[in-house]
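Single-structure report; data block below.
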Amino acid sequence: MFRKVLIANRGEIALRVISACRELGIRTVAVYSEADRNSLHVRFADEAICIGPPRSADSYLNVPAVISAAEVADVDAIHPGYGLLSENANFAEVCRASNIKFIGPPPEVTRLMGEKEKARQAMKRAKVPILPGSDGVIASEAEALQWAKEVGLPVILKAKAGGGGRGMRVVRSMEELPGLYQQASSEATNAFGNGELYMEKFIERPRHIEFQVLADEHGNVMSLGERECSIQRRHQKLIEESPSLKVTPKMREELGKTIKKSLEDIGYQNAGTIEFLMDEDGKLYFIEMNTRIQVEHPVTEMVTGIDLVKAQLRIAMGEKLTDIITEPFVMRGHSIECRINAEHPEKFTPSAGKIHVFNVPGGNGVRVETAQYAEGVVPPYYDSMIAKLIVHGHDREEAMSRMQRALGMFVVQGIHTTIPLHEKIFRDAEFRRGDFDTKFMERFFEREAAAKAEAEAK
Ligand code: MV4
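Take the working numbering: the last position of the sequence shown gets the number 1310, and nothing is skipped along the way.
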């Protein structure tokens, strides 16, 4: 049993973890940077410790500072949230060496999944469908050409240490392959300190669909259905929903079984997300696994009724999944999440500053996760997401109309937000039909520009 947990994060996810601890009767310790003195995670935790200057590198990412705070406060465990130290295997190792439980998978598993090509081979062995591609990393340009011939163009070169879109190049002709190979490799070296690449068949207009899992420390894994995350811009998700319109109950059950087996083989523990791409034929292929709780976890909570963060804590305390999830798994209704960012809605430039008006919507089927408040400040140092607006309805139509009325009641003054952008997306016919893929936002902005040009010509 945990007496006390340190939350190594800030913003809404820090509050989300504090809420889960409260409900389980666990004391909480917040850590904060000098820019976050007046933040709600500091106010609502039982204790709070300043760990350094505003920049993340000097505070939230400073491993010795976080570990010192944990030792001073005498906590049993650390919850890393998402981002920051959440997928840092070295940090999890330092926790282990300091006798502090890291709430997440063991460092060995985090490291395996961080090496994307190793993760791909591990999934292949476990019979999870993967895209045609190289077996392991590519040793040279010549080997890249060989694989490209075998797989067939177009292909995509990806960084083994990658993620988030950096160190990737799409190859459409053999002539340009050597140049793109060099570009991808040097970009990966700069970004990750490792230039090794692997290759996959390129899917032109994929949907991004991910499966939530929970795994206990006794070898039991449960697949909790999928989230559709195709509405994104420059690898930043804007809207997520569950279930996906393109995943049938049969697909969910079959892939769920394969996922369960594969993660039992790997020795996975705690919460995780397996990312897939869906091709035009509706087939799903594994691309990466994220070994943390994700931003969009609430849409899964809304349709399954399972509190994923409480489950994370209980798993880390050694409880069995069968004691945490006591009812048969069902997905009920439909849930959608909009990420509300402090950004200019067209230019996407960050919009830090003081919030003067902050009216949060509520009512039937509406959930808001935020650490912002009226007269609070959005500092310029961190991620621009200031709130998540989540709705649940008995079907997608009801969820969409709830989202539209809740967006209309969400009033933020003092800074720019992406609320107006979301209102436009929810009026878009293609979005409403559920007829989209990861290129949706590009087409959306093109349609907008065309409509604007037409209006001006009149
Ligand atoms: C792909 C792909 C098409 N084919 N892999 C982008 C980030 C990284 N996590 C994987 N990514 C992609 N991998 C193959 N074989 C297209 C993307 C991709 C993408 C994937 C998910 C969500 C948004 C995306 C936007 C652009 C490209």
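Using N, Cα and C, we set each Cβ at its ideal position, and we do this for glycine too.
Note that the structure is a prediction, hence the values are computed from the model and not measured.
The ligand MV4 never approaches residue 1091 closely enough for any of its heavy atoms to be under 7 Å from the residue's Cβ.
Annotated three-state conformation of residue 880 is strand, per DSSP. Ranking 1203, 864, 1070 by CA distance to the CA of residue 1168 puts 1070 first.
Residue state for residue 1005 is assigned as coil, using DSSP reduced to three classes. Runs of the beta strand (DSSP E) lying entirely within the stretch 916-961 and spanning at least 3 residues, in chain order: 929-931. Excluding residues up to 5 positions away in sequence, 1064, 1123, 1160, 1161 lie with their Cβ nearer than 8 Å to the Cβ of residue 1149 in the same chain. The stretch 913-926 and the stretch 870-883 touch, with no fewer than 3 CB-CB distances between them shorter than 8 Å. The C-beta distance from residue 1282 to residue 1292 rounds to 7 Å, short enough to meet the 8 Å contact threshold. Approximately 16 Å separates the beta-carbon atoms of residue 1261 and residue 1188; this is outside 8 Å, ruling out the contact. Check the Cα spacing between residue 1288 and each of 1258, 1135, 1058: the tightest is with 1058. Look at residue 1129: its beta carbon is less than 7 Å from one of the heavy atoms in the ligand MV4. Within the model, the alpha-carbon separation for residue 959 versus residue 867 is close to 25 Å. Residue 1210 sits in a strand when the DSSP states are folded into three classes.
DSSP places residue 1203 outside both helix and strand once states are collapsed to three, so it counts as coil.
The three-state reading of DSSP puts residue 893 in helix, counting H, G and I together. Note on residue 1121: 16 or more other CB atoms within 10 angstroms of its CB, so buried under the neighbour-count rule. Remark: the C-beta of residue 1017 is in contact range of the ligand MV4, defined as less than 7 Å to any heavy atom. In the three-state DSSP reduction, residue 1116 falls in the helix class (H, G or I).
Going by beta carbons, residue 1185 and residue 1268 fall outside the 8 Å limit. In this structure, residue 1084 has its CB closer than 7 Å to one or more heavy atoms of the ligand MV4. Annotation note: the stretch 1235-1270 contains the following uninterrupted beta strand (DSSP E) runs of length 3 or greater, listed N- to C-terminal: 1237-1245, 1263-1265. Counting only runs of 3+ residues, the beta strand (DSSP E) found wholly inside the stretch 1003-1076 occupies 1007-1011, 1021-1023, 1049-1053, 1059-1067, in chain order. With fewer than 16 other Cβ atoms inside 10 Å of its own Cβ, residue 1026 counts as exposed. Taking the Cβ of residue 1293 as the reference point, every heavy atom of the ligand MV4 lies at 7 Å or farther away. Contact check for residue 887 against residue 906 passes: the beta carbons are separated by less than 8 Å. According to the DSSP assignment, residue 1098 belongs to no beta strand (DSSP E), since it is labelled neither H nor E. Residue side-chain check: residue 1290 places its Cβ nearer than 7 Å to a non-hydrogen atom of the ligand MV4. Taking all protein chains shown into account, residue 1077 has 16 or more neighbouring C-beta atoms within 10 Å of its C-beta and is therefore buried.
By a beta-carbon distance limit of 8 Å, residue 1131 contacts residue 1055. Their separation comes to about 5 Å. Residue 1005 is not a Cβ neighbour of residue 1021, given a cutoff of 8 Å. Residue burial is scored here from C-beta neighbours: residue 932 has at least 16 other C-beta atoms within 10 angstroms and is therefore classed as buried.
Rounded to the nearest whole angstrom, the C-alpha separation of residue 1200 and residue 1072 is 42 Å. When Cβ pairs closer than 8 Å are counted between the two stretches, the stretch 889-906 is seen to touch the stretch 1225-1234, the count reaching three or more. The shortest C-alpha to C-alpha distance from residue 1011 to any of 1001, 1034, 1000 is the one to 1034.
Taking 8 Å as the cut-off, the Cβ atoms of residue 1197 and residue 1258 do not count as close.
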